[in-house]
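This note's numbering puts the first residue of the sequence shown at 145, with every later residue one more than the last.
As C-alpha coordinates, the structure follows; a few thoughts come after it.
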Amino acid sequence: MKTFSEKLTTFIMSQGMTKKEFGEHIKSDRQAVLNYTNGRTPSIKFIYQILDKYPDFDLNYYLKDWIDSPQKLVKVDNFNSVHESSSNYKDQKEDILKEIKALNEKVLLLLEK
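The structure is reproduced here in C-alpha coordinates:
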(Lines of atoms letter the chains of each structure in order from A and count residues from 1; the text may use other names and numbers.)
(Lines give C-alpha, C1' and ligand atoms only; values in the text may rest on other atoms or scores of the structure.)
Protein backbone atom coordinates (compact mmCIF):
# COMPACT_ATOMS: atom_id res chain seq x y z
CA MET A 1 0.00 0.00 0.00
CA LYS A 2 1.21 3.44 -0.86
CA THR A 3 1.11 6.11 1.80
CA PHE A 4 -0.51 9.51 1.41
CA SER A 5 2.98 11.00 1.04
CA GLU A 6 3.89 8.63 -1.78
CA LYS A 7 0.58 9.23 -3.55
CA LEU A 8 0.92 13.00 -3.18
CA THR A 9 4.46 12.90 -4.58
CA THR A 10 3.23 10.87 -7.56
CA PHE A 11 0.37 13.33 -8.08
CA ILE A 12 2.73 16.32 -8.05
CA MET A 13 5.01 14.61 -10.58
CA SER A 14 2.01 13.76 -12.77
CA GLN A 15 1.22 17.48 -12.91
CA GLY A 16 4.73 18.13 -14.23
CA MET A 17 5.65 20.30 -11.26
CA THR A 18 8.31 20.43 -8.61
CA LYS A 19 7.19 20.44 -5.00
CA LYS A 20 7.98 24.17 -4.86
CA GLU A 21 5.90 24.89 -7.97
CA PHE A 22 3.05 22.77 -6.63
CA GLY A 23 3.13 24.68 -3.34
CA GLU A 24 2.98 27.99 -5.19
CA HIS A 25 0.17 26.71 -7.42
CA ILE A 26 -2.05 25.70 -4.48
CA LYS A 27 -1.00 28.77 -2.49
CA SER A 28 0.90 26.81 0.13
CA ASP A 29 4.52 27.14 1.07
CA ARG A 30 7.30 24.85 -0.12
CA GLN A 31 8.07 23.62 3.41
CA ALA A 32 4.50 22.41 3.95
CA VAL A 33 4.60 20.45 0.69
CA LEU A 34 7.95 18.96 1.68
CA ASN A 35 6.61 18.01 5.11
CA TYR A 36 3.51 16.31 3.69
CA THR A 37 5.46 14.45 1.01
CA ASN A 38 7.87 13.23 3.68
CA GLY A 39 5.28 11.59 5.93
CA ARG A 40 3.89 14.39 8.03
CA THR A 41 0.12 14.46 8.62
CA PRO A 42 -1.47 16.96 6.22
CA SER A 43 -3.57 19.72 7.68
CA ILE A 44 -7.18 20.27 6.67
CA LYS A 45 -6.09 23.64 5.29
CA PHE A 46 -3.58 21.91 3.01
CA ILE A 47 -6.21 19.45 1.79
CA TYR A 48 -8.58 22.35 1.04
CA GLN A 49 -5.81 24.17 -0.84
CA ILE A 50 -5.38 21.12 -3.08
CA LEU A 51 -9.14 20.74 -3.57
CA ASP A 52 -9.45 24.42 -4.46
CA LYS A 53 -7.14 23.94 -7.46
CA TYR A 54 -7.98 20.30 -8.17
CA PRO A 55 -11.69 19.71 -7.40
CA ASP A 56 -11.46 16.16 -8.79
CA PHE A 57 -8.68 15.24 -6.33
CA ASP A 58 -10.01 11.91 -5.04
CA LEU A 59 -9.69 12.03 -1.26
CA ASN A 60 -10.94 8.47 -0.97
CA TYR A 61 -7.95 7.27 -2.99
CA TYR A 62 -5.39 9.50 -1.29
CA LEU A 63 -6.57 8.89 2.28
CA LYS A 64 -8.02 5.37 2.26
CA ASP A 65 -4.81 3.61 3.30
CA TRP A 66 -3.79 6.29 5.74
CA ILE A 67 -6.14 8.04 8.13
CA ASP A 68 -5.13 10.10 11.13
CA SER A 69 -8.22 11.22 12.95
CA PRO A 70 -7.94 11.68 16.71
CA GLN A 71 -11.67 12.41 16.91
CA LYS A 72 -12.44 9.08 15.21
CA LEU A 73 -14.71 10.89 12.76
CA VAL A 74 -13.26 9.04 9.83
CA LYS A 75 -12.62 5.32 9.67
CA VAL A 76 -11.31 2.83 7.17
CA ASP A 77 -13.33 -0.34 6.74
CA ASN A 78 -12.24 -3.73 5.45
CA PHE A 79 -13.09 -2.68 1.90
CA ASN A 80 -10.58 0.19 2.03
CA SER A 81 -13.26 2.85 1.72
CA VAL A 82 -13.29 6.05 3.67
CA HIS A 83 -16.57 6.77 5.46
CA GLU A 84 -17.52 9.68 7.62
CA SER A 85 -19.48 8.78 10.68
CA SER A 86 -23.16 9.62 10.29
CA SER A 87 -23.11 11.16 13.76
CA ASN A 88 -21.20 14.07 12.21
CA TYR A 89 -24.38 15.16 10.48
CA LYS A 90 -27.05 14.50 13.10
CA ASP A 91 -26.56 17.89 14.75
CA GLN A 92 -26.59 19.68 11.41
CA LYS A 93 -29.71 17.96 10.08
CA GLU A 94 -32.25 20.17 11.86
CA ASP A 95 -30.39 23.36 10.98
CA ILE A 96 -30.23 22.36 7.34
CA LEU A 97 -33.94 21.49 7.27
CA LYS A 98 -34.82 24.87 8.80
CA GLU A 99 -32.68 26.63 6.22
CA ILE A 100 -34.32 24.69 3.37
CA LYS A 101 -37.80 25.54 4.67
CA ALA A 102 -36.90 29.20 4.94
CA LEU A 103 -35.56 29.22 1.39
CA ASN A 104 -38.66 27.43 0.12
CA GLU A 105 -40.86 30.04 1.78
CA LYS A 106 -38.87 32.81 0.07
CA VAL A 107 -39.26 31.11 -3.29
CA LEU A 108 -43.02 30.71 -2.78
CA LEU A 109 -43.33 34.39 -1.89
CA LEU A 110 -41.42 35.35 -5.02
CA LEU A 111 -43.62 33.11 -7.16
CA GLU A 112 -46.79 34.66 -5.73
CA LYS A 113 -45.72 38.13 -6.88
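In this text, a Cβ means the ideal position worked out from N, Cα and C, and glycines have one as well.
Got a sec? Which residues, its chain only, sit under 6 Å from residue i by beta carbon, not counting five neighbours each side?
i: Phe201; result: Ile194 and Leu195
i: Ile244; result: none
Where do the N-terminal and C-terminal ends of the alpha helix (DSSP H) with residue i fall, by residue?
i: Ser172; result: Counting along the chain, Ser172 falls outside any alpha helix (DSSP H), and DSSP gives it neither H nor E.
i: Lys197; result: Ile188 to Lys197
i: Lys146; result: First-last for Lys146: undefined, no H or E at that position.
Whose C-beta lies closer than 8 Å to the C-beta of residue i among residues of the same chain, with five residues either side of it excluded?
i: Ile191; result: Leu203
Please classify residue i as buried or exposed, where buried requires at least 16 neighbouring CB atoms within 10 angstroms.
i: Tyr206; result: buried
i: Gly160; result: exposed
Below 8 Å, how does it come out for the region 178-195 and the region 146-156: are there three or more Cβ pairs, yes or no? Yes: the two stretches touch, three or more of their Cβ pairs being nearer than 8 Å.
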